[in-house]
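Per the numbering used here, the very first residue in the sequence shown carries number 10; after that it's consecutive. Below: one structure, written as structure tokens.
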Amino acid sequence: MATDAPAADNWSSTAYQNAAAFVPKLATKVVQWLDIQPTDKVLDIGCVMASSPTTSPNPSPPAASRDSSPRASMISTATAAAPANTTYAVLDARSLSSTPSLQTGAFTKVFSNAALHWILRDEASRVDVFRGAHAAHAPGGTLVFEMGGQGNVAEMESTLLAVVARRIGIKRAREVDPWFFPDERWVRNVLGEVGFAVEDVELEYRPTKCEEGAGEVVEALETVVGSAAGGYYLGYVRLRVKARKI
10 MATDAPAADN
20 WSSTAYQNAA
30 AFVPKLATKV
40 VQWLDIQPTD
50 KVLDIGCVMA
60 SSPTTSPNPS
70 PPAASRDSSP
80 RASMISTATA
90 AAPANTTYAV
100 LDARSLSSTP
110 SLQTGAFTKV
120 FSNAALHWIL
130 RDEASRVDVF
140 RGAHAAHAPG
150 GTLVFEMGGQ
160 GNVAEMESTL
170 LAVVARRIGI
180 KRAREVDPWF
190 FPDERWVRNV
200 LGEVGFAVED
210 VELEYRPTKC
220 EEGAGEVVEA
230 LETVVGSAAG
240 GYYLGYVRLR
250 VKARKI
């Protein structure tokens, strides 16, 4: 029987720290590219600024963070950790271009870390996401983001696709793959199409030790991700981009 009851709020800051604490910890370089100044007004797509103090300068500029996860606990955790001049809201970033309050050209900088490879999985809305980011920017504003790049966690993704394909076929398995990992050429083309000038773009291979919460996932891949020194390492590939609105 169909129901309109809201989904259970299963998000936990403790579980996130166990499974993915390395995400904000390894954001140092992309935050340097962002170079937040006290006079900036920042739109943060994915709420990463609340998860790491390194993204919030002192004094901190006004910031608006948006995340599509419909979890009250996520918003309350972010609010408790962030400066008073930061606001949070639940928003599907694919709808950014149709959200009038965020299309006024008020933000000097737009930022995202480890979120766009989820947001851009829907091919039909990929360009619109960046159109929305462009309209959110003040003239000359800066877009800085980091996401999974081509080849990211290839050993894990290929294994998951193979396992799922055995049940539902490879075509359907690809359709439900939750990620999109582009290369430099793709991102240059799309950003240029919507009116950004790309200033820096790089792919970085960064093997990353798995946190506690990833143990079950990598157990089946022990031969290829296990380290002789102990622990498991996945082949992260980060796509890092800095562009300016023109």
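Each residue gets a CB set at the ideal place from its N, CA and C atoms; glycine is no exception.
Legend entry - Reference THR217, options TRP195, ARG181 and ALA163, closest by Cα: Numbered from 1 along the sequence shown, position 208 holds the residue referred to as residue 217. Looking at the Cα atoms, ALA163 is the closest of the given residues.
Inset, instruction - Report the rounded CA-to-CA distance for PRO148 versus GLY114, giving the unit in angstroms. - result: The count along the sequence shown starts at 1 and reaches residue 148 at position 139. The count along the sequence shown starts at 1 and reaches residue 114 at position 105. Distance between the alpha carbons of PRO148 and GLY114: 7 angstroms.
Inset, instruction - Specify, as a first and last residue, the run of the beta strand (DSSP E) that ALA206 falls within. - result: In the sequence shown, the residue the question calls residue 206 occupies position 197. For ALA206, the enclosing beta strand (DSSP E) has its first and last residue at 205-218.
Inset, instruction - Examine the Cβ distances between the region 107-127 and the region 208-215 and report whether three or more of them are shorter than 8 angstroms. - result: no
Legend entry - Bounding residues of the alpha helix (DSSP H) (the contiguous stretch that carries ALA182): Sequence index remark: in the sequence shown, residue 182 carries index 173 (1-based). First-last of the alpha helix (DSSP H) with ALA182: 179-185.
Inset, instruction - Please confirm whether PHE189 and ARG130 have their CB atoms less than 8 angstroms apart. - result: The count along the sequence shown starts at 1 and reaches residue 189 at position 180. The count along the sequence shown starts at 1 and reaches residue 130 at position 121. Closer than 8 angstroms, so yes.
Inset, instruction - Locate the alpha helix (DSSP H) running through THR151, then write down its first and last residues. - result: Along the sequence shown, read from residue 1 onward, the residue named residue 151 stands at position 142. That residue, THR151, is in no alpha helix (DSSP H); its beta strand (DSSP E) goes 146-157.
Inset, instruction - Tell me whether the beta-carbon of THR117 lies closer than 8 angstroms to the beta-carbon of GLY141. - result: Locating residue 117 in the sequence shown gives position 108, where the first residue counts as 1. Locating residue 141 in the sequence shown gives position 132, where the first residue counts as 1. It is not a contact, given that the beta carbons lie outside the stated cut-off.
Inset, instruction - Using beta-carbon positions only, say whether VAL287 and GLY158 come within less than 8 angstroms of one another. - result: Here the chain has residues from 10 to 255 only, and residue 287 is not among them.
Legend entry - Own chain residues within Cβ distance below 6 angstroms of VAL173, not counting five before or after: The residue you call residue 173 lines up with position 164 of the sequence shown. Cβ within range, chain order: ALA182.
Legend entry - Which residues DSSP lists as bridging PHE139, in chain order: Within the sequence shown, numbered from 1, the residue matching residue 139 stands at position 130. BP columns for PHE139 are empty, so no partner.
Legend entry - Cut-off 7 angstroms between Cβ atoms - residues of its own chain near HIS143, not counting five sequence neighbours on either side: Along the sequence shown, read from residue 1 onward, the residue named residue 143 stands at position 134. Excluding residues within five positions, the ones whose Cβ falls inside 7 angstroms are VAL203, GLY204, PHE205 and LYS254.
Legend entry - Length of the line joining the Cα atoms of VAL207 and VAL138: To locate residue 207, count along the sequence shown from 1; it is residue 198. To locate residue 138, count along the sequence shown from 1; it is residue 129. Each residue's Cα considered, the two are about 16 angstroms apart.
Legend entry - Coil, strand or helix - LEU100 by DSSP: The residue given as residue 100 occupies position 91 in the sequence shown. Residue state, collapsed to three classes: coil.
Legend entry - Close-in-space but distant-in-sequence residues of the same chain around TRP42 (CB under 6 angstroms, 5 per side omitted): Residue 42 sits at position 33 when you count from the first residue of the sequence shown. These residues qualify, in order along the chain: VAL153 and LYS251.
Inset, instruction - Would you identify the three-state DSSP class for ILE54, choosing helix, strand or coil? - result: Stepping through the sequence shown from its first residue, residue 54 is reached at position 45. In this structure, ILE54 counts as strand in the three-state DSSP scheme.
Legend entry - DSSP state of VAL40 mapped onto helix, strand, coil: Taking the first residue of the sequence shown as position 1, residue 40 is located at position 31. Helix.
Legend entry - Per DSSP, cross-strand counterpart(s) of PHE190: Within the sequence shown, numbered from 1, the residue matching residue 190 stands at position 181. PHE190 pairs with nothing; no bridge assigned.
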